[in-house]
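Chains A and B, in that order, give the protein sequences.
Using the numbering used here, the final residue of the first sequence is 308, and nothing's skipped along the way.
Using the numbering used here, the final residue of the second sequence is 477, and nothing's skipped along the way.
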Amino acid sequence: MRRHLIGIEGLTKEDIYSYLNNAATFVEVSERELKKVPPLRGKTIVNLFLEPSTRTRVSFEIAGKRLSADTINVGASDSSITKGETLLDTARTLQAMAPDIIVMRHKESGAPHFLAKHLEKTSIVNAGDGMHEHPTQALLDLLTLKHHFKERSAGIEDLTVAIVGDIRHSRVARSNIWAHLALNNRINLVGPPTLIPEEFRHPRLFGEKINIIHDLKTGLRGADVVICLRMQLERQTDKFVPSLEEYSQEYCVNERALQAANPGCVVLHPGPANRGLEVSSAVLDGAQSLMQKQVNFGVAVRMAVLFALATGKTVSEGKSE
Amino acid sequence: MSKLLIKNGLVIDPAASLEEPRDVLLNGALIEAVERPGAIPESAATEVLNASGMWITPGFIDLHVHLREPGFEWKETIESGSRAAALGGFTTVCCMPNTKPVNHNAEITRFILEQGRRAGACRVLPIGSVSVGLKGEEMSPLSELWAAGCVAFSDDGEPVWDSGLMRRALEWAKMLGARISCHEEDKKLSCGGCMNESALSYRMGLNGMPKVAEDVMVARDIELARATSSKVHICHLSSARSVELVRRAKHDGIDVSAEVTPHHLLLTEETVGDYDTNAKMSPPLREQEDVEALRAGIKDGTIDAIASDHAPHEQDSKLVEFSKASFGILGLQTNLPLTLELVRNGTISRMRAIELWTRGPAKAFGLERGTLRCGAPADLSIINPDYHWTLSKELIASKSFNTPFMGRALSGIAETVIVEGQVVVKAHKLSR
Ligand SMILES: [Zn+2]
């Protein structure tokens, strides 16, 4: 059993299905009136969110609480990080609390690796590090798709997935690409050359199975799934495009562009969306959008991840005890 | 006057194209004679040193070190750095001016020279800054710095981003006969980067420093040197394209010299591995094709010198997130064995290896050293090429330990180091 979940890179199809299958049983828990189960009673989970993110933090917090773990939130403002404490100091402080799991969000890539190196007994869950990975987002996207495509014979395999937008800076894109590569799906990366480096097709990254397409309609052609990425304006992505207006004219996923996709195509967005910039409101609020479902499945996926790391068991094993 | 006779060694003196068994007689601070074995009677000496199995070479010269004093004494001092240098076989090091205050006036230059003399481990030659405070705005008092003893000028750590200022500085330096040593990096292109830009940097989610950030500045400075008929030195070449630019410039007759570090000759970006901050430096480790081009460059003479870019940093500045970690690694004590790896793998001959540490750098900066000819300063390294050792914290004389080579099995060590006739290293230990 893995001790950490730092990235989707390196996970096999079986690993991914194991998380998704566990998550499916936790979806059921979330639908009960009494939404709490006991397996992590007595376990301590620290949610260390050093980059603001209400949505992911709340999702992890609910997941931990529903599993009956003691959850503690440490944020950038209430820790002493802002007063010059280093990540190593923080790691040592946390070690004293002997947490079983630290869920970490950090603006620097590699920060969870750093923590994993310096904390001997704690499992690390990466809740998003810089431009590197955001594994639970990819898993919840897959769970959402698995639910949506449950009648489809190939399930979430043999799909054409278009990922549109700022691929360069996106950890969501990287985690999703690794995931869909593991499932052998076709992947179109769609966006301007400034936001999709050619190196993404390099054999040392995702390889030539990935298509890089600069024209939106061509990129969406035949897509079963469209993943819209958030333009992260705080990363100065505006320096990579002539203007946001020009970007949205070329790449805003709207109803007209979506006509190029397969009829049953669904749209995902990790949120929060810049409406009218990377995706139109009509698409986001329309029938093809699974955005609201993503939020619901997020809790179940995170319960599955926390459960697996804290107990070292799959759910079925856990139940037989 | 004490006279030391070094017997039974193999003299390797590239400046004299000599690679033969020779005995060497030192007379005080000067070399008196280099003769066939047995030709100098022991009675001519007051002391005899048996160098059997050893190479006797001119003392090594490092054109690029950061000794951190004044201002950053917790990282390194002139004393600790020059002791590390001596242990590494160096008798002369040229220290970069990015101290605090910057070496941009004669007072700082004299201070560095005085601290070097006081440490007494090797000769410390200061490099003055091109611009005041390394800010790239006003020219430093180059004449004053030159007169005080600076041997070259550089804003290393920073490029001289203002091309107009660079042009004027080259013209002034030309009048003095000085060379400007350039850290080549267009910071708008390497903007916020912390490793080589490549599939790997995108995979790790780290901002990359593209090779073209180096190449455009190398091209600029070569053209400025061409336009002003002045002398430039390109620091720590790291990209294949930059090597080619230097090769063509030399072919065109431009007075350009260039250096490369041992780590750029031996490691690729893969060393960054699991976000290892001890593999973070500027310029960053590149790819195999660059390593090959750099090796071709030291082989065919495009590159004149190996230099360490010895850059000590305290542990706290490396024990952080990768993008926040300081740039730079140690070099002085590993330069020799790492260079010998290139001899063992057939990249260069031992003669060429020694040349890259002696005559090459001496010529680049116009230093009257780096040879064993009669009458030259008695700066020598006596090298045991087959001494096997493993780099460990205890063996490091620097105040810092930031090196990706910790724990590496190494071969080759400076057994005896002599600076102006004084034995500073004996049995590969500092003698005082
Ligand atoms: Zn430099």
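Every residue, glycine too, gets a C-beta built ideally from N, C-alpha and C.
Applying the 10 Å Cβ sphere with the 16-neighbour rule, what's the burial state of residue 236 of chain A? exposed
Counting only Cβ pairs nearer than 7 Å, list the residues of chain A close to residue 366 of chain B. 74, 95, 97, 98, 101
Beta-carbon contacts of residue 377 of chain B that lie in its chain and below 6 Å, excluding the five residues immediately before and after: 129, 130, 133, 353, 355
I'd like to know whether the C-beta atoms of residue 109 of chain B and residue 309 of chain B end up nearer to each other than 8 Å. no
Members of the stretch 314 to 338 of chain B that neighbour chain A once the beta carbon cut-off is set at 7 Å: 319, 320
Going along the chain, which unbroken runs of the beta strand (DSSP E) with 3 or more residues stay wholly within the stretch 112 to 158 of chain A? 147 to 151
Which residues does DSSP list as the beta-bridge partners of residue 461 of chain B? B/427
By C-beta, the residues closer than 7 Å to any heavy atom of ligand 1, given in chain order: B/201, B/202, B/228, B/280, B/281, B/327, B/354
Name the residue from B/66, B/258, B/316 whose alpha carbon lies nearest to the alpha carbon of residue 374 of chain B. B/316
Pick helix, strand or coil for residue 54 of chain B, following the three-state DSSP scheme. strand
Pull up the distance between the alpha-carbon of residue 112 of chain A and that of residue 154 of chain B, whole angstroms please. 52 Å
Using beta-carbon positions only, say whether residue 98 of chain B and residue 119 of chain A come within less than 8 Å of one another. no
So for residue 290 of chain A, helix, strand or coil by DSSP? helix
Using the rule of at least 16 other Cβ atoms within 10 Å of the residue's Cβ for burial, across every protein chain shown, is residue 43 of chain B buried or exposed? Nothing in the structure corresponds to residue 43 of chain B, since chain B is present only between 46 and 477.
Quick one: is residue 220 of chain A buried, meaning 16 or more other Cβ sit within 10 Å of its Cβ, or exposed? exposed
Quick check on DSSP: helix, strand or coil for residue 467 of chain B? strand
Keeping to the same chain, check which residues put their C-beta closer than 7 Å to that of residue 471 of chain B; ignore five residues upstream and five downstream. 461
Using the DSSP secondary-structure output, state which residues sit across from residue 210 of chain B in a beta bridge. Note: residue 210 of chain B sits in no beta bridge, so no partner.
So what's residue 361 of chain B in DSSP terms, helix, strand or just coil? helix
If I measure Cβ to Cβ from residue 164 of chain B and keep anything under 6 Å in the same chain, skipping five residues before and after, which residues do I get? 123, 124, 127
With 16 other CB atoms within 10 Å as the buried threshold, where does residue 308 of chain A fall? Only weak support exists for where residue 308 of chain A lies, its pLDDT of 33 falling under 50; the coordinates are left without a value.
Assuming residue 235 of chain B and residue 200 of chain B make a contact with CB atoms under 8 Å, what is their CB distance in whole Å? Actually they do not touch by this definition, with Cβ atoms about 15 Å apart.
Would you be able to state if there are at least three C-beta pairs under 8 Å between the stretch 260 to 279 of chain B and the stretch 103 to 111 of chain A? no
Can you name the residues of chain A whose CB is closer than 8 Å to the CB of residue 369 of chain B? 95
Closest by C-alpha distance to residue 396 of chain B, when choosing among B/63, B/50, B/457: B/63
What residue from B/456, B/167, B/205 has the CA that sits closest to residue 185 of chain B's CA? B/205
Please work out which residues of its chain come closer than 6 Å, Cβ to Cβ, to residue 40 of chain A, disregarding the five sequence neighbours upstream and downstream, and give them in chain order. 92
Please list, in chain order, the chain A residues whose beta carbon lies closer than 7 Å to that of residue 249 of chain B. 96, 97, 119
8 Å is my cut-off, CB to CB: does residue 257 of chain A come that close to chain B? no
Using a 10 Å radius around the Cβ and a threshold of 16 neighbouring Cβ atoms, would you call residue 120 of chain B buried or exposed? buried
List the endpoints of the continuous alpha helix (DSSP H) containing residue 266 of chain B. 256 to 273
Residue 91 of chain A lies in the beta strand (DSSP E); which residues open and close that run? 88 to 93
Strand pairing of residue 80 of chain B, partner residues [DSSP]: B/68
Residues in its own chain within less than 8 Å of residue 305 of chain A by CB, not counting five upstream and five downstream? For residue 305 of chain A, the predicted structure reports a pLDDT of 41, less than 50, and the residue's modelled location is therefore unreliable. A value from the coordinates is still provided. Cβ within range, chain order: 26, 294, 298.
Residue 167 of chain A versus chain B: which residues are under 9 Å apart at the beta carbon? Near residue 167 of chain A there are no residues of chain B at all, since even the closest Cβ is about 16 Å away, more than 9 Å.
Compare the C-beta of residue 244 of chain B with all C-beta atoms of chain A and state if any pair is closer than 8 Å. yes
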